[in-house]
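Asks: Those protein sequences? They're chains A and B, same order as listed.
Position one of the first sequence corresponds to residue 1 (this note's numbering), numbered consecutively onward.
Position one of the second sequence corresponds to residue 230 (this note's numbering), numbered consecutively onward.
Ideal Cβ positions, reconstructed from N, Cα and C, are used throughout, including at glycine.
Protein chains: 2
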Amino acid sequence: MAGHLEQIRLDSYKPLRELVCEHIRQAIIDGTFSPGERLMEIQLADEMGVSRTPVREAIRKLELEGFVVMIPRRGTYVANISIKDINDVYEIRICLDVLAAGLAAERITEEELEDLKKLLVEIGTHVADYNLEKIVEVDTAFHDILYTASRNERLRNIISNLREQITGIRGTSMNYPGRLADTMAEHRLLVERIAARDVEGAQAAARVHLENAEQTLLKSMLEGQNAKD
Amino acid sequence: MAGHLEQIRLDSYKPLRELVCEHIRQAIIDGTFSPGERLMEIQLADEMGVSRTPVREAIRKLELEGFVVMIPRRGTYVANISIKDINDVYEIRICLDVLAAGLAAERITEEELEDLKKLLVEIGTHVADYNLEKIVEVDTAFHDILYTASRNERLRNIISNLREQITGIRGTSMNYPGRLADTMAEHRLLVERIAARDVEGAQAAARVHLENAEQTLLKSMLEGQNAKD
DNA sequence: ATAAAATATATTGTATACAAAATTTAATTA
DNA sequence: TAATTAAATTTTGTATACAATATATTTTAT
Numbered sequence: 001m002a003g004h005l006e007q008i009r010l011d012s013y014k015p016l017r018e019l020v021c022e023h024i025r026q027a028i029i030d031g032t033f034s035p036g037e038r039l040m041e042i043q044l045a046d047e048m049g050v051s052r053t054p055v056r057e058a059i060r061k062l063e064l065e066g067f068v069v070m071i072p073r074r075g076t077y078v079a080n081i082s083i084k085d086i087n088d089v090y091e092i093r094i095c096l097d098v099l100a101a102g103l104a105a106e107r108i109t110e111e112e113l114e115d116l117k118k119l120l121v122e123i124g125t126h127v128a129d130y131n132l133e134k135i136v137e138v139d140t141a142f143h144d145i146l147y148t149a150s151r152n153e154r155l156r157n158i159i160s161n162l163r164e165q166i167t168g169i170r171g172t173s174m175n176y177p178g179r180l181a182d183t184m185a186e187h188r189l190l191v192e193r194i195a196a197r198d199v200e201g202a203q204a205a206a207r208v209h210l211e212n213a214e215q216t217l218l219k220s221m222l223e224g225q226n227a228k229d
Numbered sequence: 230m231a232g233h234l235e236q237i238r239l240d241s242y243k244p245l246r247e248l249v250c251e252h253i254r255q256a257i258i259d260g261t262f263s264p265g266e267r268l269m270e271i272q273l274a275d276e277m278g279v280s281r282t283p284v285r286e287a288i289r290k291l292e293l294e295g296f297v298v299m300i301p302r303r304g305t306y307v308a309n310i311s312i313k314d315i316n317d318v319y320e321i322r323i324c325l326d327v328l329a330a331g332l333a334a335e336r337i338t339e340e341e342l343e344d345l346k347k348l349l350v351e352i353g354t355h356v357a358d359y360n361l362e363k364i365v366e367v368d369t370a371f372h373d374i375l376y377t378a379s380r381n382e383r384l385r386n387i388i389s390n391l392r393e394q395i396t397g398i399r400g401t402s403m404n405y406p407g408r409l410a411d412t413m414a415e416h417r418l419l420v421e422r423i424a425a426r427d428v429e430g431a432q433a434a435a436r437v438h439l440e441n442a443e444q445t446l447l448k449s450m451l452e453g454q455n456a457k458d
């Protein structure tokens, strides 16, 4: 009769290395650590009040995720994101997002569809009062549902990782003139096609959305429009 | 005048965790550790004559790669590969291999093309005397060149990782009747289309190859044909 | 004899310690 | 003064030690 407590504890337990990893990742994404900057284990450990062990394990994970580059016996450096990197990531993401959209059109549940539609409305309100922080938050939730609806956990993980690698590192492309409105329209079309269970339509919508997002990101990078909050 | 030695040392240096990681990965792939089996750090460390530290770091990496599953405070277990996993992996791989083939058709160098053609011949000889080990080896090299030719390092890494996650875990599907000959023909067509710089043709060839490979793998799994050397 | 509780053991998570290598600083020489 | 070499410092890589938690075993009570 004491069986359900264990379950909760099991899920809620997070090893230090996870917390440390999330902390460092966030610091990279929000610019606390600049690209090319060296990350030193003792320093990070001291700052966070933990030992080197969990820091090391966190750094190993971030290396696999592509956020940092490790040179044996030399140290760890925050990854530099180049135009080539954007290109590489979007080459893959366009492909995988199209796949995910098609799968979602086939496999999404009615509940998930309802959630998507609600988020669509919510984004609208945040766009109206130009609340960028909220927009990013809801946008992330939106895509999360979409990838979950593909019913392919690996696909979800790979895309999430690719998203994180570029989202935010050079500022969101959200503040590019006109992009917000376009994004909304693209999302609406995507949801509409998925709701219609139109696989090809959903795929086409996803492709257009991603290609536009890449173009905007490249433009804002080239123009040095790296606006940070 | 001592500048070039450093370069070599830098490349050749491999941390213990890397060696340990490769060692454990290989043991999982070749069946030394069975799916579901628990991996204990001290035991592994003792067997390999190292301390727990590099073993832990290796296990963290294998978790990211999907070879093992970690439950906090409970332990690490060799991942179970299910039909659903095969499905998920191939859903992604078909998509990414098609992408890679298309990119390769655009970006491959003449040298790489020559290498591919050579390997095609080499595989032929190994098929003739049914040297499975050599076939797997050359096949890996073949695909490696292909992914390298896509000029997208991230793509290469993702595909390599997906390949490793299923190749070998349930025995190669190579020993499925007739598959070897089909594989050869599919490879030949793929190289031919790439050589012709025919993007769409290369993509189609890659898709056919992967779909067939998946079918064969599923068949041999269902038939319990998990032949091991 | 079976089930529950308490104890013992084993294993993971984290911290610290030491060794090897790289980087930096200081010193020496041309 | 500049360049080269040597010493000192820093930092990573690995090993070990300790603490917290989970599992296994034994004991006890019904």
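1) Compare the C-alpha of residue 365/B against each of 402/B, 342/B, 335/B and 387/B and name the closest.
2) Under three-state DSSP, which class holds residue 121/A?
3) Among 32/A, 71/A, 81/A and 116/A, which has the Cα closest to the Cα of residue 189/A?
4) Of all the beta strand (DSSP E) runs that stay within the bounds of the segment 272 to 308 of chain B, which reach a length of 3 or more residues?
5) Starting from residue 144/A, trace the alpha helix (DSSP H) both ways and give me its first and last residue.
6) Under three-state DSSP, which class holds residue 179/A?
7) Contact criterion: CB-CB distance below 7 Å. Does residue 54/A meet it with respect to chain B?
8) Looking at the structure shown, is residue 383/B part of a helix, part of a strand, or coil, going by DSSP?
9) Ignore the nearest five residues each way along the sequence and tell me which others in residue 219/A's own chain have a CB closer than 7 Å to its CB.
10) Using the beta-carbon count (16 or more within 10 Å), is residue 320/B buried or exposed?
11) Buried or exposed: which applies to residue 350/B, given that a residue is buried once 16 or more other Cβ atoms fall within 10 Å of its Cβ?
12) Can you list the residues of chain B that residue 95/A reaches, using a CB-CB cut of under 7 Å?
13) Are there 16 or more other CB atoms within 10 angstroms of the CB of residue 360/B, so buried, or fewer, so exposed?
14) Measuring alpha carbon to alpha carbon, tell me which of 63/A, 146/A and 58/A ends up nearest residue 111/A.
15) Could you pull out every residue in the same chain whose Cβ sits closer than 8 Å to the Cβ of residue 233/B, ignoring the five residues on either side in sequence?
16) Looking at the structure shown, is residue 197/A part of a helix, part of a strand, or coil, going by DSSP?
17) Per DSSP, which residues does residue 267/B bridge with? Please list them.
18) Determine the burial state of residue 309/B: buried for a count of at least 16 other Cβ atoms within 10 Å of its Cβ, exposed for fewer.
19) Among 380/B, 427/B and 348/B, which residue has its Cα nearest to the Cα of residue 368/B?
20) Pick out whichever of 144/A, 73/A, 164/A and 153/A has its Cα sitting closest to the Cα of residue 314/B.
21) Could you check where the alpha helix (DSSP H) with residue 94/A kicks off and where it finishes?
22) Just the chain B side, please: which residues come within less than 8 Å of residue 61/A by C-beta, in chain order?
23) Start and end of the alpha helix (DSSP H) containing residue 22/A?
24) Output needed for residue 387/B: all residues of its chain with C-beta closer than 7 Å, excluding positions within five of it in sequence on either side, in chain order.
25) Between the C-alpha atoms of residue 22/A and residue 28/A, what's the straight-line distance to the nearest angstrom?
26) Which residues, in order along the segment 240 to 254 of chain B, keep a beta-carbon less than 7 Å from a beta-carbon of chain A?
27) In this structure, does DSSP put residue 396/B in helix, strand or coil?
28) Only counting the same chain, and skipping five residues up and downstream in sequence, which positions put a Cβ closer than 6 Å to that of residue 304/B?
29) Less than 7 Å between C-beta atoms, sequence neighbours within five positions excluded: which residues of the same chain meet that for residue 439/B?
30) Going by beta carbon distance, what residues of the same chain come within less than 6 Å of residue 287/A, once the five residues before and after it are set aside?
31) Would you check if the distance between the CB atom of residue 254/B and the CB atom of residue 270/B is smaller than 7 Å?
32) Using the three-state DSSP reduction, which class does residue 344/B fall into: helix, strand or coil?
33) Alpha carbon to alpha carbon, how far is residue 126/A from residue 430/B? Give it in angstroms, no decimals.
34) Tell me, please, whether the CB atom of residue 317/B is closer than 7 Å to any CB atom in chain A?
35) Please classify residue 181/A: is it buried, with 16 or more other beta-carbons within 10 angstroms of its beta-carbon, or exposed?
Replies: Answer, in terms of the structure:
1) The residue labelled residue 365/B in the question sits at position 136 within the second sequence. Ranking the options by Cα distance to residue 365/B, first place goes to 402/B.
2) Sequence index remark: in the first sequence, residue 121/A carries index 121 (1-based). Here residue 121/A sits in helix by DSSP.
3) Taking the first sequence and counting its residues from 1, the one referred to as residue 189/A is at position 189. Nearest of 32/A, 71/A, 81/A and 116/A to residue 189/A, Cα basis: 116/A.
4) 297 to 300 and 304 to 307
5) By one-based count along the first sequence, residue 144/A stands at place 144. Start and end: 132 to 148.
6) Position 179 of the first sequence holds residue 179/A. Looking at residue 179/A - three-state DSSP - the assignment turns out to be helix.
7) Position 54 of the first sequence holds residue 54/A. False, the Cβ-Cβ gap to chain B never drops below 7 Å.
8) One-based indexing of the second sequence puts residue 383/B at position 154. Three-state result, residue 383/B: helix.
9) Taking the first residue of the first sequence as 1, we reach residue 219/A at position 219. So the qualifying residues of the chain are 176.
10) By one-based count along the second sequence, residue 320/B stands at place 91. With 16 or more Cβ atoms within 10 Å of its Cβ, residue 320/B is classed as buried.
11) Taking the second sequence and counting its residues from 1, one reaches residue 350/B at position 121. So residue 350/B ends up on the exposed side.
12) To locate residue 95/A, count along the first sequence from 1; it is residue 95. Chain B residues near residue 95/A: 324, 325 and 328.
13) Counting from one through the second sequence, the residue named residue 360/B turns up at place 131. With fewer than 16 Cβ atoms within 10 Å of its Cβ, residue 360/B is classed as exposed.
14) Taking the first residue of the first sequence as 1, we reach residue 111/A at position 111. Per the Cα distances, 146/A.
15) By one-based count along the second sequence, residue 233/B stands at place 4. With a pLDDT of 24 at residue 233/B, under the threshold of 50, the predicted position of this residue should be treated as unreliable, and no value is reported.
16) By one-based count along the first sequence, residue 197/A stands at place 197. Here residue 197/A sits in coil by DSSP.
17) The residue labelled residue 267/B in the question sits at position 38 within the second sequence. Beta-bridge pairing links residue 267/B to 306/B.
18) Numbered from 1 along the second sequence, position 80 holds the residue referred to as residue 309/B. The residue is exposed, with fewer than 16 neighbouring Cβ atoms inside 10 Å.
19) As a position in the second sequence, residue 368/B is number 139, starting the count at 1. Out of 380/B, 427/B and 348/B, 348/B has the C-alpha closest to the C-alpha of residue 368/B.
20) In the second sequence, residue 314/B corresponds to position 85, counting from 1. It is 153/A.
21) By one-based count along the first sequence, residue 94/A stands at place 94. From DSSP, the alpha helix (DSSP H) with residue 94/A extends over 83 to 107.
22) Counted from its first residue, the first sequence places residue 61/A at position 61. The answer, in chain order, is 289 and 293.
23) Translated into positions along the first sequence, residue 22/A becomes position 22. Looking at the DSSP string, the run of the alpha helix (DSSP H) that includes residue 22/A is 16 to 29.
24) Here the question's residue 387/B lines up with position 158 in the second sequence. The residues are 325.
25) The sequence position of residue 22/A within the first sequence is 22, counting from 1. The sequence position of residue 28/A within the first sequence is 28, counting from 1. Going by the C-alpha atoms only, they are around 10 Å apart.
26) 242 and 244
27) Stepping through the second sequence from its first residue, residue 396/B is reached at position 167. In this structure, residue 396/B counts as coil in the three-state DSSP scheme.
28) Translated into positions along the second sequence, residue 304/B becomes position 75. Correct list, in chain order: 267.
29) Residue 439/B sits at position 210 when you count from the first residue of the second sequence. Excluding sequence neighbours, residue 439/B sits near 319, 322, 323 and 326.
30) For chain A, the structure presents residues 1 to 229; residue 287/A sits outside this window and is missing.
31) Sequence index remark: in the second sequence, residue 254/B carries index 25 (1-based). Sequence index remark: in the second sequence, residue 270/B carries index 41 (1-based). No, the Cβ-Cβ distance between residue 254/B and residue 270/B is not below 7 Å.
32) As a working note, residue 344/B is residue 115 in the second sequence. Looking at residue 344/B - three-state DSSP - the assignment turns out to be helix.
33) As a working note, residue 430/B is residue 201 in the second sequence. As a working note, residue 126/A is residue 126 in the first sequence. Roughly 46 Å separates the two Cα atoms.
34) To locate residue 317/B, count along the second sequence from 1; it is residue 88. For residue 317/B, the answer is yes, since a Cβ of chain A falls inside 7 Å of its Cβ.
35) As a working mapping, residue 181/A is identified with position 181 in the first sequence. That one is exposed.
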